[in-house]
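Those sequence lines, one after another, are chains A and B.
Under our numbering, the very last position in the first sequence is 243; numbers go up by exactly one each time.
Under our numbering, the very last position in the second sequence is 243; numbers go up by exactly one each time.
Backbone N, C-alpha and C define an ideal beta-carbon position, used for all residues, glycine too.
Right, one structure below, let's go through it.
Protein chains: 2
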Amino acid sequence: MPREKKIQPQETKRELPPEELLQDLGDLFKVFGDTTRIRIMYALYEGEMSVMAISELLGMTQPAISHQLKTLKAANLVAGRRQGKTIFYYLSDEHVKSIIAAGYEHLTEE
Amino acid sequence: MPREKKIQPQETKRELPPEELLQDLGDLFKVFGDTTRIRIMYALYEGEMSVMAISELLGMTQPAISHQLKTLKAANLVAGRRQGKTIFYYLSDEHVKSIIAAGYEHLTEE
DNA sequence: TGAACATATGAATAATCGTTCATATGAAGA
DNA sequence: TCTTCATATGAACGATTATTCATATGTTCA
Numbered sequence: 134m135p136r137e138k139k140i141q142p143q144e145t146k147r148e149l150p151p152e153e154l155l156q157d158l159g160d161l162f163k164v165f166g167d168t169t170r171i172r173i174m175y176a177l178y179e180g181e182m183s184v185m186a187i188s189e190l191l192g193m194t195q196p197a198i199s200h201q202l203k204t205l206k207a208a209n210l211v212a213g214r215r216q217g218k219t220i221f222y223y224l225s226d227e228h229v230k231s232i233i234a235a236g237y238e239h240l241t242e243e
Numbered sequence: 134m135p136r137e138k139k140i141q142p143q144e145t146k147r148e149l150p151p152e153e154l155l156q157d158l159g160d161l162f163k164v165f166g167d168t169t170r171i172r173i174m175y176a177l178y179e180g181e182m183s184v185m186a187i188s189e190l191l192g193m194t195q196p197a198i199s200h201q202l203k204t205l206k207a208a209n210l211v212a213g214r215r216q217g218k219t220i221f222y223y224l225s226d227e228h229v230k231s232i233i234a235a236g237y238e239h240l241t242e243e
């Protein structure tokens with residue numbers, strides 16, 4: 134009589150979330166995985182700023198900032214408001230802060 | 134009498150966090166910015182697993198998983214426990230779940 | 001309408017990164 | 001100690017990405 138393989142805890146059947154969610158999560162965190170974009174988000178922590186103001190604060194060229202703002206906007210992390218010739222960007226919701234806070238806690242609490 | 138430039142809200146002096154923190158945050162989120170690593174972390178949600186078990190669950194080669202586990206371990210997100218010939222990996226703390234949860238909320242709540 | 005200004009876009013380049021294949025390490029059992 | 005098995009490591013390749021430079025878009029004001 135053939136013996137059943139011993140059942141180990143790690144052999145429990147596992148299911149992963151749907152591929153689309155995994156992809157979306159990866160794409161979202163990829164946006165946070167760049168120092169320039171993190172700097173931009175921190176710059177907007179206390180309120181809106183123009184593209185020029187951001188690029189001066191970060192010491193980077195204006196096109197570099199515009200490219201990154203586009204990425205941040207595509208991820209719904211920032212939004213822009215036009216006033217005359219200039220566009221003021223701001224954090225589009227509180228999720229930015231809570232995601233960064235969650236990461237910060239991992240770095241400090243250990 | 135020269136007129137002061139109108140003070141706009143965006144002209145407030147801003148300070149960014151120290152460069153090292155920004156770099157550490159970026160590096161941490163970069164680890165989350167890959168579907169394979171997110172899959173691995175989800176696989177370990179319910180408990181430890183061997184490298185082989187993970188690679189079979191994800192349908193990927195063993196070296197691919199080992200490389201990613203190394204990255205996850207370097208970020209203190211997973212840890213390994215040796216038992217005989219096999220090594221069981223597990224989430225090293227609850228931060229993994231809270232970071233992913235924060236990202237998940239951004240994706241769903243809007 | 002035309003000049004001036006703020007921002008956006010596109011192409012190109014350099015650097016980073018994930019996977020694969022081949023192989024090395026290290027533990028267990030005969 | 002030799003073989004086997006699980007995992008780790010290293011080099012190489014392909015793909016993705018951040019920045020730069022040049023230029024386009026679009027708004028304001030004369």
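Cβ atoms of residue j and residue i: under 7 Å apart, would you say?
i, j, result
"A/THR168", "B/GLN156", "yes"
"B/LEU177", "B/LEU224", "yes"
"A/GLU191", "A/ARG172", "As written in the sequence, residue 191 of chain A is Leu, which differs from the Glu given in the question. Going by C-beta atoms, A/LEU191 is nearer than 7 Å to A/ARG172."
"A/SER183", "A/THR241", "no"
"A/PHE221", "A/GLU181", "yes"
In this structure, what does DSSP give as the bridge partners for residue i?
i, result
"A/ILE220", "A/ARG215"
"B/MET174", "Looking at the DSSP assignment, B/MET174 forms no beta bridge with any residue, so it has no partner."
"A/SER183", "A/PHE221"
Please list, in chain order, the chain B residues whose beta carbon lies closer than 7 Å to that of residue i.
i, result
"A/HIS239", "LEU161, HIS228 and ILE232"
"A/ILE171", "LEU155, LEU158 and GLY159"
"A/ARG147", "ALA176, GLU179 and LEU190"
Could you round the C-beta distance between residue i and residue j to whole angstroms and report it? I think they count as a contact, below 8 Å.
i, j, result
"B/ALA235", "A/ILE232", "4 Å"
"B/GLY166", "A/GLY159", "6 Å"
"B/VAL229", "B/MET174", "5 Å"
"B/HIS239", "A/LEU205", "Their Cβ separation, rounded to whole angstroms, is 12 Å, which puts B/HIS239 and A/LEU205 out of contact at 8 Å."
Considering just the uninterrupted stretch of the alpha helix (DSSP H) at residue i, what are its terminal residues?
i, result
"A/THR204", "195 to 207"
"A/LYS146", "Neither: A/LYS146 is in no alpha helix (DSSP H) and is coded neither H nor E."
"A/GLY236", "228 to 241"
"A/ASP157", "152 to 165"
Report the neighbours of residue i on chain A: residues whose CB is nearer than 8 Å to its CB, in chain order.
i, result
"B/PRO150", "TYR175"
Could you check whether the Cβ of residue i sits closer than 6 Å to any heavy atom belonging to the ligand ZN?
i, result
"B/TYR175", "Inclusion of the ligand ZN in the displayed structure is not the case, the ligand content being empty and no account of it being possible."
Whose Cβ in chain B lies nearer than 8 Å to the Cβ of residue i?
i, result
"A/ALA207", "Under the 8 Å cutoff, chain B gives no residues; its nearest Cβ is about 13 Å from A/ALA207."
Output, in chain order, the set of chain B residues within a Cβ distance shorter than 9 Å of residue i.
i, result
"A/GLY236", "ASP157, LEU158, LEU161, PHE162, PHE165, HIS228, ILE232 and ALA235"
Determine the chain A residues that contact residue i at a beta-carbon separation under 7 Å, and present them in chain order.
i, result
"B/THR168", "LEU155, GLN156 and GLY159"
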